[in-house]
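All remarks here apply to the structure that follows.
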Amino acid sequence: MPSWNEALYRKLADHLDSLPGGFPPTKSGVELRILRRLFSPEQAELAPFLTLIPEEHRVIARRSGLSAGEASRRLEEMAAEGLVFRIARGRRPPLYMAAQYVIGIWEYHVNDLDPELIRDMNEYIPTLFEAGVWEKAPQLRTVPVRTSIQSRPEVLAYENVEELVARQKKFHVAPCICRREHRMAGGGCDRPEEACLIFGLGADYYRHRGVGRPIDLQETLDILKKAEETGLVLQPSNAQKIVNICCCCSCCCQVLKNVRRYPRPAELIASPFSVSADSGTCKGCKLCLERCPMEALSVTEKTVSVDRGRCIGCGLCVSTCPTGSLSLQRRPDHQQPKVPRNMVESTIRLGRTRGKLGAAELVKMQLKSKVDRFLVSR
1 MPSWNEALYR KLADHLDSLP GGFPPTKSGV ELRILRRLFS PEQAELAPFL
51 TLIPEEHRVI ARRSGLSAGE ASRRLEEMAA EGLVFRIARG RRPPLYMAAQ
101 YVIGIWEYHV NDLDPELIRD MNEYIPTLFE AGVWEKAPQL RTVPVRTSIQ
151 SRPEVLAYEN VEELVARQKK FHVAPCICRR EHRMAGGGCD RPEEACLIFG
201 LGADYYRHRG VGRPIDLQET LDILKKAEET GLVLQPSNAQ KIVNICCCCS
251 CCCQVLKNVR RYPRPAELIA SPFSVSADSG TCKGCKLCLE RCPMEALSVT
301 EKTVSVDRGR CIGCGLCVST CPTGSLSLQR RPDHQQPKVP RNMVESTIRL
351 GRTRGKLGAA ELVKMQLKSK VDRFLVSR
């Protein structure tokens, strides 16, 4: 790479680390290499002036010292390249807001991967994945596959994948970045790549960028059915009102791969259920062993046993057990995850868990945005 302004990219890295999802520093500086691959110097200069509050280009222009025209040009370019989030508003000017690195900028670059970026990301992931933070405020949660919870009245609406998607009005599907980057690196699996479901404003953003394709409710349900058949874990947003569902495999998904390394994955994954086994009806076929993404099951002397510390309640073993020996049971009350009502609440919880977005910081952000909006409207 050509000579570069290290201070500029460190400022950008600090900005991303101040967001709820985080972007922690490393001794090797790999995070700066990633940013240099993604952001041009002028993009790196502008990005720290965006916040979690959606704003028009002229507000960001005032804050950054750019002309309105130049700010609009850069922001449109950055939105097209998956560096900031853009909200279309019909005939009114679009709004722009900061995008987190994960879940956000990284996933937005599913069509822009190259071997060098994949190598740097794989080096960075052990630092980026903070187990203690994920345990308290995960960005994703696990819901059971459909057939594992049929006819269970105690399942809440936001725990039922069919009810979650039935509430949506806009549907979009994009390639799974985890499976794509593994295949590009010569590994991966043969499970469906087109398996990242996006809804609402996120669907608009993906459509605007030309990533993935719009679909309808029926195709969404068909993709979820295929995910269950091929053994993919369903991981929607950690909110009762979701914006996406990731259909994940434990061999490629960076979250599941990291969680699987821990002795008790159940403590890191937000799930209301755990599997229970009836040893009296089990025939020891071991089909469940192939379906479990966390190696939570074992079979000895034709009898299945469950390691509850490893079970993440995905239901994949239940849906294919030929003898009905496995079933999902609700975890005890003290182990039930507290699912935020919406993504705003989820984002604030994540930020506060990382020591960001305290009450004073939120007030300061909101006040500054109001002042800047007022000044540009005069």
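Following the numbering used here, the numbering of the sequence shown begins with 1 at its first residue and continues without gaps.
All residues carry an ideal CB built from backbone N, CA and C; glycine is no exception.
Which of helix, strand or coil DSSP assigns to residue i
i      : result
Met1   : For Met1, the predicted structure reports a pLDDT of 48, less than 50, and the residue's modelled location is therefore unreliable. The matter cannot be settled from this model.
Phe23  : coil
Ala270 : coil
Val155 : coil
Met365 : helix
His172 : strand
Met97  : strand
Gly358 : coil
Ile53  : coil
Leu375 : helix
Tyr9   : helix
Gln335 : helix
Ile198 : strand
Leu140 : strand
Arg308 : coil
Ala131 : helix
Val275 : strand
Ile87  : strand
Asp17  : helix
Leu326 : strand
Local Cβ density within 10 Å of residue i, reported as buried at 16 or more and exposed below that
i      : result
Lys241 : buried
His380 : Not covered by the structure: residue 380. The range shown for the chain is 1 to 378.
His334 : exposed
Arg380 : The displayed coordinates of the chain run from 1 to 378. Any statement about residue 380 would go beyond what the structure contains.
Ala7   : exposed
Leu367 : exposed
Asn238 : buried
Arg112 : The residue you asked about is not Arg; residue 112 is Asp in the sequence shown. Counting Cβ neighbours within 10 Å, Asp112 comes out exposed, since fewer than 16 surround it.
Phe85  : buried
Val363 : exposed
Pro371 : For the record, residue 371 in the displayed sequence is Val; it is not Pro. Exposed: under 16 other Cβ atoms inside 10 Å.
Gln218 : exposed
Asn5   : exposed
Phe49  : buried
Span of the alpha helix (DSSP H), counted from its first residue to its last, around residue i
i      : result
Arg290 : Strictly speaking, residue 290 in this sequence is Glu, with Arg absent from that position. Its alpha helix (DSSP H) spans residues Leu287 to Arg291.
Met439 : A question about residue 439 goes unanswered here, because the residues of the chain that appear run from 1 up to 378.
Ala166 : Val161 to Ala166
Ile242 : No alpha helix (DSSP H) contains Ile242, which DSSP labels as neither H nor E.
Val344 : Met343 to Thr353
Val233 : From DSSP, Val233 is part of no alpha helix (DSSP H) but of the beta strand (DSSP E) over Val233 to Pro236.
Ser72  : Ala68 to Ala80
Glu31  : Val30 to Leu38
Val145 : From DSSP, Val145 is part of no alpha helix (DSSP H); its letter is neither H nor E.
Opening and closing residue of the beta strand (DSSP E) in which residue i lies
i      : result
Arg213 : Arg213 to Ile215
Thr300 : Leu297 to Thr300
Candidates the options, of which the one nearest residue i by Cα
i      : options                           : result
Val376 : Glu135, Gly65 and Thr147          : Gly65
Cys251 : Arg37, Asn342, Val344 and Ile177  : Ile177
Pro24  : Ala44, His57, Gly69 and Tyr101    : Tyr101
Pro337 : Lys136, Ala71 and Lys226          : Lys136
Pro379 : Pro214, Glu159 and Glu229         : A query on residue 379 cannot be resolved here, the shown segment of the chain reaching from 1 to 378 and no further.
Gly212 : Glu194, Glu55 and Leu50           : Glu194
Pro126 : Leu19, Asp14 and Ser28            : Ser28
Val299 : Gly309, Pro293, Ser279 and Cys311 : Ser279
Cys321 : Ile348, Ser346, Ile312 and Val275 : Val275
Asp216 : Arg352, Leu234, Gln168 and Asn258 : Gln168
Tyr124 : Arg33, Gly315, Cys246 and Trp4    : Arg33
Gly188 : Asp17, Pro293 and Cys253          : Cys253
Glu56  : Lys257, Thr26 and Arg73           : Arg73
Gln329 : Ile312, Gly90, Leu256 and Gln139  : Ile312
Inter-residue CB distance, residue i and residue j (contact presumed, cutoff 8 Å)
i      : j      : result
Leu326 : Ala277 : 6 Å
Arg379 : Glu295 : No information on residue 379 is available, as it lies outside the stretch 1 to 378 that the chain covers here.
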